[in-house]
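Residue numbers (mature numbering (1 follows the signal peptide of the UniProt record, and there is no 0)): -22 to -1, 1 to 252.
Spelled out as structure tokens, the structure:
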């Protein structure tokens, strides 16, 4: 199923949180869908008068290293942020759920969303960079791996650089015979007041689960979310990448059912501003 079709799947009822304190107009909206063992999408919708400036998601339940967040994108028009989860080709016996999280705010100055796609590839890994228009900074990122019917290609990187975003994917440990490509979306705006990027890494080890939290400096709040796996070689999947409070971004990943003997780590990106 193509990326656009999967992104359009929106299952479950919305369960929205309240506004984030101390940042007028900025809020985090979070919603979790049904727990079962089928591919599904979940969207967190922004309140009237606000738009998506960033987002992320999480997978909870069984078989986490075998379920990929293969599509993590703002929906057209900026009304919501959507996350799609799919099992790998071996399937998962237990149930799991998708959580979507949206950072919402009145449109900041110069807000624009730009998207692009890489060329189709038969390679084991690929990456694609999408730049913001001149003079604008990237504050949010979305990405998708497209071409496989199950999570045989892993969306492992969603990086926010100052004026661009980078999305990367890699085939899983058993490979994928077909061609695939990457979609990338950059949410861009004029530089924000007090804007800075915080990047934090977990330890570099062979632990089955790794996580890291990036924390904004005092007086600033999370305005953008990013994350990546380093060294996973297609045997590690993201299970969480989202703002877990008004000042923190959490990124977590887990090895697949076969484990992975080499060292790897995760990295969290927080775009912080006043």
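For every residue, glycine included, the Cβ atom is placed at its ideal position computed from N, Cα and C.
Small disclaimer: the values here were computed from a predicted structure and weren't measured.
Under DSSP, the beta strand (DSSP E) around residue i begins and ends at which residues?
i: residue 106; result: 103 to 109
i: residue 247; result: 243 to 251
i: residue 51; result: 45 to 52
i: residue 158; result: From DSSP, residue 158 is part of no beta strand (DSSP E); its letter is neither H nor E.
i: residue 82; result: 74 to 83
i: residue 34; result: 29 to 39
i: residue 93; result: 90 to 95
i: residue 18; result: 18 to 23
i: residue 59; result: 58 to 65
i: residue 135; result: 131 to 138
i: residue 13; result: No beta strand (DSSP E) holds residue 13; DSSP gives it neither H nor E.
i: residue 178; result: 174 to 179
i: residue 208; result: 199 to 208
i: residue 213; result: From DSSP, residue 213 is part of no beta strand (DSSP E); its letter is neither H nor E.
Give me the Cα-Cα distance between residue i and residue j, rounded to the nearest whole angstrom.
i: residue 52; j: residue 96; result: 18 angstroms
i: residue 45; j: residue 66; result: 6 angstroms
i: residue 125; j: residue 160; result: 9 angstroms
i: residue 187; j: residue 134; result: 15 angstroms
i: residue 155; j: residue 100; result: 7 angstroms
i: residue 150; j: residue 11; result: 26 angstroms
i: residue 252; j: residue 193; result: 14 angstroms
i: residue 4; j: residue 30; result: 10 angstroms
i: residue -9; j: residue 57; result: Only weak support is given to the placement of residue -9: the predicted model assigns it a pLDDT of 34, under 50, and the value that follows is read from those uncertain coordinates. About 13 angstroms.
i: residue 59; j: residue 238; result: 31 angstroms
i: residue 199; j: residue 6; result: 11 angstroms
i: residue 214; j: residue 207; result: 8 angstroms
i: residue 33; j: residue 220; result: 6 angstroms
i: residue 228; j: residue 190; result: 6 angstroms
i: residue 88; j: residue 141; result: 13 angstroms
i: residue 26; j: residue 77; result: 21 angstroms
If we count the other Cβ atoms within 10 Å of its Cβ and call it buried at 16 or more, is residue i buried or exposed?
i: residue 217; result: buried
i: residue 249; result: buried
i: residue 20; result: buried
i: residue 241; result: exposed
i: residue -1; result: Model confidence at residue -1 stands at a pLDDT of 36, short of 50, so the residue's coordinates are unreliable; what they give is reported in the following sentence. By the neighbour-count rule (16 or more Cβ atoms within 10 Å), residue -1 is not buried but exposed.
i: residue 28; result: buried
Going by the C-beta, is residue i closer than 6 angstroms to any heavy atom of the ligand NAP?
i: residue 85; result: By its list of ligands, the structure shown contains no ligand whatsoever, and the ligand NAP lies outside what it can speak to.
To the nearest whole angstrom, what separates the beta carbons of residue i and residue j, a pair I think is in contact under 8 angstroms?
i: residue 81; j: residue 232; result: That belief does not hold up - the Cβ atoms of residue 81 and residue 232 are roughly 24 angstroms apart, past 8 angstroms.
i: residue 116; j: residue 164; result: 5 angstroms
i: residue 158; j: residue 84; result: Not quite, the Cβ-Cβ distance comes to about 37 angstroms (not below 8 angstroms), so this is no contact.
i: residue 37; j: residue 74; result: 6 angstroms
i: residue 119; j: residue 143; result: 4 angstroms
i: residue 47; j: residue 35; result: 6 angstroms
i: residue 148; j: residue 136; result: At roughly 13 angstroms, the Cβ-Cβ gap does not stay under 8 angstroms, so residue 148 and residue 136 are not in contact.
Inset, instruction - Could you tell me whether the stretch 200 to 211 touches the stretch 239 to 248, using the rule of 3 or more Cβ pairs below 8 angstroms? - result: yes
Legend entry - Inter-stretch contact (C-beta, 8 angstroms, three-pair minimum) for the stretch 171 to 189 and the stretch 58 to 76: no
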